[in-house]
Amino acid sequence: MHHGRKQVHACLRFGRALIANRAVRVAVLVIAVTVSVWNFERIPHAAILPAIIGLLPFAIGKYVLCPLRWHAVSTSGRSRRWHLRTYAESEILGLISPGHAGADLWRIHRLEGVGVRRAPAVAEVALDRFVGAVGLVVAVVVCGVALPPVVIAVALGIAAVALVAAIVVSRRRPGLTRRWPLPSPKVFVLGIVLSIGYQASILGLLIGALQAVGDSVSPFQLIAVFGASQIAGILPGVHGASPREGALVAGLASIGVPWSAAFGAVALTALLYWVPALLLGGGSHFLRWRGRSREPATA
Numbered sequence: 625m626h627h628g629r630k631q632v633h634a635c636l637r638f639g640r641a642l643i644a645n646r647a648v649r650v651a652v653l654v655i656a657v658t659v660s661v662w663n664f665e666r667i668p669h670a671a672i673l674p675a676i677i678g679l680l681p682f683a684i685g686k687y688v689l690c691p692l693r694w695h696a697v698s699t700s701g702r703s704r705r706w707h708l709r710t711y712a713e714s715e716i717l718g719l720i721s722p723g724h725a726g727a728d729l730w731r732i733h734r735l736e737g738v739g740v741r742r743a744p745a746v747a748e749v750a751l752d753r754f755v756g757a758v759g760l761v762v763a764v765v766v767c768g769v770a771l772p773p774v775v776i777a778v779a780l781g782i783a784a785v786a787l788v789a790a791i792v793v794s795r796r797r798p799g800l801t802r803r804w805p806l807p808s809p810k811v812f813v814l815g816i817v818l819s820i821g822y823q824a825s826i827l828g829l830l831i832g833a834l835q836a837v838g839d840s841v842s843p844f845q846l847i848a849v850f851g852a853s854q855i856a857g858i859l860p861g862v863h864g865a866s867p868r869e870g871a872l873v874a875g876l877a878s879i880g881v882p883w884s885a886a887f888g889a890v891a892l893t894a895l896l897y898w899v900p901a902l903l904l905g906g907g908s909h910f911l912r913w914r915g916r917s918r919e920p921a922t923a
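Here our numbering is used: the first residue of the sequence shown is 625, the next is one more, and so on.
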């Protein structure tokens, strides 16, 4: 157990040192632009207006609702503006790293930079992830009328595992729960509502992408496919080539969308993810690099 804990701390130290390196962050931005251009070459002819209309709610969901959820469960004392900016910065690293791990490492790094100790910083980011996962499960179950029983069972199983894990930790490691203050029921419900809003914004982006490539499907069928693909997204993968994208392409094809249109719509959504990430997260990284974004060093 002690050896495993040391390995975890070593990985965190290495990841923190990597993302704190300015050259690495600049390289990530360059790679992001390169990937965007490469993905653009693979997308069939698409109308720009439906894609932009679908992108707007997604940008609000990803870069407003998600940071507000993090701020709601946070005990760091940072402002909403700080959480909005830090979350946007983390997305650049998350999109380029497997399992979106780079985003979590950046958030932990930034929390440590304002005086939060490592264990509470890791716990805070994990708590935000947990609330987001519960919101995903609730969103999928709410759409259960259109989902296969297997998908519902998987969603409920994930919630049950998370609940059992929380109970075991609270009983066997009470000291850990004292260092990791649990959110109040009101805050927890707020976090779930914000997570559901974020999932709805992704669905809006997908609808816009489908219309952009000249196709459309029944909203109820699309909700079923979308819910199943989000469950598949729990498995780790690289953005643009993860199990979620694969499940989404297969699901769209299963409800009558031509394979070329399904591939095109999913590739377009993967590309559109980069637009607000580069504008908001990349812009914030640039201002930080230029020394124009500063905050107090203590929490």
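All C-beta atoms, glycine included, are put in the ideal place defined by N, C-alpha and C.
For the pair R704 and G759, the CB atoms are not nearer than the 9 angstroms cut-off. Taking all protein chains in view, the Cβ of F844 is surrounded by fewer than 16 other Cβ atoms within 10 Å, so the residue is classified as exposed. Counting every other CB atom within 10 Å of its CB across the protein chains shown gives A743 a total below 16, marking it as exposed. Three or more Cβ pairs closer than 8 angstroms define a contact, and the stretch 722 to 735 falls short of that threshold against the stretch 832 to 846. The beta carbon of R734 sits closer than 6 angstroms to those of T710, all from its chain and outside the five residues before and after it, given in chain order. Taking the Cα positions, G888 is about 7 angstroms away from V837. Between L814 and L872, the CB-CB gap reaches or exceeds 9 angstroms. No residue range can be given for L902, since it is assigned to no alpha helix (DSSP H) and is classified by DSSP as neither H nor E. Where Y711 is concerned, the enclosing alpha helix (DSSP H) starts and stops at R704 to L719.
Rounded to the nearest angstrom, the Cβ distance from L689 to Y822 is 5 angstroms, consistent with a contact under 8 angstroms. Taking the CA atoms as reference points, A877 sits about 22 angstroms from S825. Around the beta carbon of R741, fewer than 16 other beta carbons sit within 10 angstroms, so the residue counts as exposed. By the Cβ test, the stretch 668 to 685 is in contact with the stretch 881 to 899, since at least three Cβ pairs between them sit closer than 8 angstroms.
Here V766 is exposed. Its C-beta has fewer than 16 other C-beta atoms within 10 Å. The C-beta distance from G906 to I716 rounds to 6 angstroms, short enough to meet the 8 angstroms contact threshold. A distance below 9 angstroms separates the beta carbons of W706 and V738. DSSP places R741 in the coil class of the three-state scheme, outside both helix and strand. Non-local C-beta neighbours of R753 in its own chain, meaning closer than 8 angstroms and more than five positions away in sequence, comprise D728, ordered along the chain. Listed in chain order, the non-local C-beta contacts of L708 below 6 angstroms within the same chain comprise P691, local neighbours out to five positions each way being set aside. Contact between V841 and V881 holds, with the beta-carbon distance rounding to 6 angstroms and staying under 8 angstroms.
Here S819 is not near E748, since their CB atoms are 9 angstroms or more apart. Its chain contains V841, Q845 and V849 as the residues whose beta carbon lies nearer than 7 angstroms to that of I879, once the 5 sequence neighbours on both sides are disregarded; these appear in chain order. The C-beta distance from A696 to V811 rounds to 5 angstroms, short enough to meet the 8 angstroms contact threshold.
Around the Cβ of G718, a 10 Å sphere holds 16 or more other Cβ atoms; the residue is buried. For P882, the three-state secondary structure derived from DSSP is coil. In this structure, A885 lies away from L827, with their beta-carbon atoms at least 9 angstroms apart. Excluding five sequence positions before and after A712, the CB atoms of its chain that fall closer than 7 angstroms to its own CB belong to Y687, L904, G905 and S908, given in chain order. Excluding residues up to 5 positions away in sequence, I643, E713, S714 and L717 lie with their Cβ nearer than 7 angstroms to the Cβ of W730 in the same chain. Exclusion of the five residues before and after L751 leaves V697 as the residues of its chain whose Cβ lies within less than 6 angstroms of its Cβ. Closest in C-alpha terms to P809, from the list Q854, V764, V755 and G851, comes V755.
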